[in-house]
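The structure appears right after this line, and notes come after that.
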Ligand SMILES: [Fe+2]
Ligand SMILES: [Fe+2]
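In my numbering, the protein residues as written are 712 to 1037.
Printed below as a string of structure tokens:
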């Protein structure tokens, strides 16, 4: 059996006493073997799973062709959590699930895989958001779907808004926000965060992550993309909440006061705008991190170090988010 036909998953991803929808394998490096541990349709007993987690067994594997089934399995689990009646259990389990999903995506060992896994992350979030949307009014639901299509066309980076939305939702979930309302607002704000770039010349929007590469006039244009975003929504008569507006106008502000456009400082910056900022940076790293095996992990470490040390993000928030990835 060739290991390259398998993908590692975290044992944290698995839920005891629930039928698995894929074959589960163990890698035995000493025997140079991968063995099937549980068949599709089988379950892991609570006690056994607890033992595995205690013993730090994290190296379950599944076949690559089962990855889709695995993604749906995880998405269903999140969906169930959003509806969980006990807030304390819900919160604890949400942290574990979000962490499991994010680490199994970001710790894959090659960059093509990480990009493929981002697609899965998007599917997980769409299932999650769909269940969240069940509980909101049909008008809001329609608006959301429209926004989703709209923002997909709205920028140069085809997948960027959807990726940022998925990451922002999972991060929010993982640090303890699990109400329908908040998750919907975050998803919406993240989808729309860069909508204003659509109004800028391509040379400007292409340097959205590197303002210093632009001449002063172009930089000013870039600094305006949040405001432009609000104008676009206004023209299209799309009504959004204050949280969504803050995400659009503040996702480049920094806790240290050196962000743009307003140079807001500290707790004047909306927390969800900061979460979207982190998701934005993460998507940028994934798209540009190159191909060497451990470079993604190194770059994530550098990114979180910077966000924290330079106080780009409120330090305790930066730490809580970092814990979900590393
Ligand atoms: Fe932006
Ligand atoms: Fe962005």
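For every residue, glycine included, the Cβ atom is placed at its ideal position computed from N, Cα and C.
- request: Please confirm if the stretch 1016-1027 is in contact with the stretch 897-908, defined as three or more CB-CB distances below 8 Å between the two stretches.
  value: no
field: At least three beta-carbon pairs within less than 8 Å, the stretch 808-822 to the stretch 879-887
entry: yes
query: Which residue comes first and which comes last in the alpha helix (DSSP H) that contains residue 874?
result: 871-885
message: Can you determine whether any heavy atom of ligand 2 sits closer than 7 Å to the C-beta of residue 917, and answer yes or no?
response: no
- prompt: For residue 897, is the beta carbon positioned less than 7 Å from some heavy atom of ligand 2?
  reply: no
task: May I ask which residues mark the beginning and end of the alpha helix (DSSP H) holding residue 747?
output: Where residue 747 is concerned, there is no enclosing alpha helix (DSSP H), although the beta strand (DSSP E) it sits in stretches over 744-749.
query: Is the closest heavy atom of ligand 2 to the C-beta of residue 1072 under 7 Å?
result: Beyond the ends of the chain as shown, which are 712 and 1037, falls residue 1072; an answer cannot be given.
field: Neighbour-count burial assignment, residue 726, 16 or more Cβ in a 10 Å radius
entry: buried
query: To which residues of the same chain is residue 788 closer than 7 Å at the C-beta, ignoring the five residues directly before and after it?
result: 726, 808
message: Which residue wins for smallest C-alpha separation from residue 952, given the options 924, 894, 970?
response: 894
message: Distance check for residue 804 and residue 757, CA to CA, integer angstroms please.
response: 15 Å
message: Whole angstroms are fine: how far does the CA of residue 927 sit from the CA of residue 878?
response: 32 Å
- request: Note down the Cα distance separating residue 1061 from residue 816, rounded to an integer number of angstroms.
  value: The chain is shown only over 712 to 1037; residue 1061 falls outside these bounds and no answer can be derived.
- request: Tell me where the beta strand (DSSP E) around residue 738 begins and ends.
  value: 735-739
message: Rounded to whole angstroms, what is the Cα-Cα separation between residue 746 and residue 794?
response: 36 Å
query: Using a Cβ-Cβ cut-off of 8 Å (strictly less than) and excluding sequence neighbours within five positions of residue 731, which residues of its own chain qualify?
result: 725, 749, 751, 752, 753, 754, 755, 784
task: Since I believe residue 911 is in contact with residue 933 (beta carbons under 8 Å), could you give me their beta-carbon distance rounded to a whole number of angstroms?
output: 7 Å
message: With a threshold of 8 Å on Cβ separation, who are the neighbours of residue 1012 within its own chain once the five nearest residues in sequence on each side are excluded?
response: 1037
field: Among 899, 937, 1008, the one whose alpha carbon lies nearest that of residue 909
entry: 937
Helix, strand or coil at residue 1016 [DSSP, three-state]: helix
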